[in-house]
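**Q**
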Amino acid sequence: MPIHEVRASGPEYLALVTRLLQRARLAGPDVGVWEAADLQWWWRKPRESDAVDQIFWLDDEGPVAGVVLSDWARAWGCDPIVVPRRSAVPLVTVWARAVEAIDALKLGKVEVLARDDDAELVELLLGSGFAAADDEPSGITQMTVEDRPDPIALPDGFLLVDRGRESSEPHPMRRRNGEDVERRLRQCSLYDPALDLAVEADDGAVAGYALFWFDPVTNVGLVEPMRVEDAYQRRGLARSLLTAGLDRLAQRGARRLKVGFATEAARRLYVGAGFRVTSLTTTYRRLSPGNVHP
Ligand SMILES: CC(C)(COP(=O)(O)OP(=O)(O)OC[C@H]1O[C@@H](n2cnc3c(N)ncnc32)[C@H](O)[C@@H]1OP(=O)(O)O)[C@@H](O)C(=O)NCCC(=O)NCCS
Numbered sequence: 008m009p010i011h012e013v014r015a016s017g018p019e020y021l022a023l024v025t026r027l028l029q030r031a032r033l034a035g036p037d038v039g040v041w042e043a044a045d046l047q048w049w050w051r052k053p054r055e056s057d058a059v060d061q062i063f064w065l066d067d068e069g070p071v072a073g074v075v076l077s078d079w080a081r082a083w084g085c086d087p088i089v090v091p092r093r094s095a096v097p098l099v100t101v102w103a104r105a106v107e108a109i110d111a112l113k114l115g116k117v118e119v120l121a122r123d124d125d126a127e128l129v130e131l132l133l134g135s136g137f138a139a140a141d142d143e144p145s146g147i148t149q150m151t152v153e154d155r156p157d158p159i160a161l162p163d164g165f166l167l168v169d170r171g172r173e174s175s176e177p178h179p180m181r182r183r184n185g186e187d188v189e190r191r192l193r194q195c196s197l198y199d200p201a202l203d204l205a206v207e208a209d210d211g212a213v214a215g216y217a218l219f220w221f222d223p224v225t226n227v228g229l230v231e232p233m234r235v236e237d238a239y240q241r242r243g244l245a246r247s248l249l250t251a252g253l254d255r256l257a258q259r260g261a262r263r264l265k266v267g268f269a270t271e272a273a274r275r276l277y278v279g280a281g282f283r284v285t286s287l288t289t290t291y292r293r294l295s296p297g298n299v300h301p
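Here this note's numbering is used: the first residue of the sequence shown is 8, the next is one more, and so on.
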């Protein structure tokens, strides 16, 4: 099948990367790192990378490979993505274009999250001046929907709310994610306000929140993000949010449930709810002093 290359930014990029990651997931449950919903979550706030012309390779049915550069403020993220088998574009080609794009944009600190069992990508990273960061262990956890726990009620004094109801209340995530968060989330094809959950304390304060994403193409249900504010931790709020959200994902038709972790607390929370660690991941960083962007 003939392959051609396109460049896309803004909403056109979001549509293409969604389709690309859905095709990658349909190729197998353990392909790559990300769900389409992960990259839709990244869309929640404006970033310098919104203007970057991201590279995609397309066959007659849509995208088969791509390079995504994301401005994380602390560094730039780079994600080479390929649909295995269907792709006539090998990872080595995608990675070479990624490095070209990083150099052309003069990006300084660049990070790539790789699965520890992705020997090909790890070798390419080490050969391009990237080194493994000494971060807390991170990884991916999954379970089938039949294994999900029953919903666990919140402790007294807390209320579960979602964005599905009519509300003029500001979005609970705006403090960390900016005033635009609701508008940007509503631009995402996989965003469902009834799966956008928060826990309110008696005085109306937001104690925590979690967003659940159902992808009807892949039937995967993703949890991203999950947060309980410091003052409310270790009272079982995350466990209640998680079990309530997983149940809603099951009602939507999710077959497989997935969540990534980057801290030991999160790993314990997810494993305690029945998730199984299916891959460990490592962040690789490259520092290029003297470049223009941070
Ligand atoms: C991870 C986080 C969501 C947990 O919220 P929480 O409401 O305190 O969690 P819960 O009280 O429901 O705890 C459920 C289980 O998670 C695990 N857990 C939670 N916090 C933990 C901690 N600090 N250290 C170790 N295990 C922890 C425990 O297994 C706990 O069960 P237990 O209390 O019976 O031992 C919260 O610490 C947080 O928001 N952290 C910052 C953001 C973050 O890391 N989010 C996850 C991103 S993937």
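Every residue gets a Cβ at the ideal spot worked out from N, C-alpha and C, and that includes glycine. Nothing here was measured: the structure is a model prediction, and the numbers come from that model.
(1) Compare the beta carbon distance of T25 and I147 with 8 Å and say whether it is the shorter of the two.
(2) In the DSSP assignment, find the unbroken alpha helix (DSSP H) run with L21 in it and report its ends.
(3) Take G252 and list the residues in its own chain whose beta-carbon comes closer than 6 Å to its own, dropping the five residues that flank it on each side.
(4) Applying the criterion that 16 or more other CB atoms from any shown protein chain within 10 Å of the CB defines a buried residue, is T225 buried or exposed?
(5) Less than 8 Å separating the beta-carbons of L264 and L276?
(6) Taking the C-alpha atoms as reference points, what is the distance between E12 and A58?
(7) Can you have a look at V89 and say buried or exposed, based on whether 16 or more other CB atoms are within 10 angstroms of its CB?
(8) Candidates P53, Q61, D187, E55: which alpha carbon is nearest A22's?
(9) Within this structure, are the beta carbons of K116 and A139 separated by less than 8 Å?
(10) I'd like to know whether the C-beta atoms of A261 and Y239 end up nearer to each other than 8 Å.
(11) Could you spell out the range, first to last residue, of the beta strand (DSSP E) harbouring V227?
(12) Is any heavy atom in ligand 1 found nearer than 7 Å to the beta carbon of F219?
(13) Should the stretch 156-173 be called in touch with the stretch 119-136, which here means at least 3 C-beta pairs below 8 Å?
(14) Please name the residue or residues paired with I88 in a DSSP beta bridge.
(15) Kindly indicate which residue of R292, T288, R283, R293 has the alpha-carbon position closest to the one of P144.
(16) May I have the straight-line CA-CA distance separating W41 from L28, to the nearest angstrom?
(17) Helix, strand or coil: which one does DSSP assign to V206?
(18) Which residue wins for smallest C-alpha separation from E19, given the options S196, T100, R155, P91?
(19) Quick one: grab the DSSP three-state call for V38.
(20) Ordered along the chain, which non-local residues of its own chain (more than five positions away) have a Cβ less than 6 Å from that of W64?
(21) Let me confirm a value: S174 is counted as buried when at least 16 other C-beta atoms fall within 10 Å, else exposed. Which label applies?
(22) In three-state terms, what does DSSP make of E68?
(23) Curious, which full-length beta strand (DSSP E) runs of at least 3 residues does the stretch 145-221 contain?
(24) Tell me whether P144, by its Cβ, gets closer than 7 Å to a heavy atom of ligand 1.
(25) Which partner residues of W102 appear in the DSSP bridge assignment?
(26) Give the DSSP bridge partners of P83, in chain order.
(27) How about T250 and P158: are their beta carbons less than 8 Å apart?
(28) Could you have a look at L294 and say whether DSSP puts it in helix, strand or coil?
(29) In terms of residues, what are the limits of the alpha helix (DSSP H) holding L253?
(30) For a test of the three-state rule: what should DSSP assign to S267, helix, strand or coil?
**A** Quick answer:
(1) Contact annotation: T25 and I147 have beta-carbon atoms that are not nearer than 8 Å.
(2) Where L21 is concerned, the enclosing alpha helix (DSSP H) stretches over 17-33.
(3) Here the set comprises L204, A217, F219.
(4) Under the 10 Å beta carbon count, T225 is surrounded by 16 or more other beta carbons and is classified as buried.
(5) For L264 and L276, no; Cβs fall outside 8 Å.
(6) About 18 Å.
(7) The residue in question, V89, is buried, as its Cβ has 16 or more Cβ neighbours within 10 Å.
(8) Considering only P53, Q61, D187, E55, the residue with the shortest C-alpha distance to A22 is Q61.
(9) No, these two residues do not count as a Cβ contact at 8 Å.
(10) Not in contact: A261 and Y239 (Cβ atoms no closer than 8 Å).
(11) If you look at V227, you'll find it in the beta strand (DSSP E) that goes 227-235.
(12) It does not: the Cβ of F219 is nowhere closer than 7 Å to a heavy atom of ligand 1.
(13) Touching, no, given that fewer than three Cβ pairs across the two stretches are closer than 8 Å.
(14) Beta-bridge pairing links I88 to G73.
(15) Out of R292, T288, R283, R293, T288 has the C-alpha closest to the C-alpha of P144.
(16) One Cα belongs to W41, the other to L28, and the distance between them is close to 7 Å.
(17) DSSP places V206 in the strand class (E or B) of the three-state scheme.
(18) Residue nearest to E19 within the set S196, T100, R155, P91 is S196 (criterion: CA-CA distance).
(19) Coil, per DSSP.
(20) These residues qualify, in order along the chain: I10, E12, V71, A72, V96.
(21) With fewer than 16 other Cβ atoms within 10 Å, it is exposed.
(22) Correct three-state label for E68: coil.
(23) Whole beta strand (DSSP E) segments, 3+ residues: 145-151, 165-169, 203-208.
(24) No.
(25) Under the DSSP definition of a beta bridge, W102 lacks any partner.
(26) For the sequence presented, residue 83 should be read as Trp rather than Pro. Partner residues in the beta bridge of W83, as assigned by DSSP, are D78, V117.
(27) Contact annotation: T250 and P158 have beta-carbon atoms nearer than 8 Å.
(28) L294 falls in the coil class under three-state DSSP.
(29) Per DSSP, the continuous alpha helix (DSSP H) segment holding L253 begins and ends at 244-259.
(30) The sequence shown places Gly at residue 267, rather than the Ser named in the question. G267 falls in the strand class under three-state DSSP.
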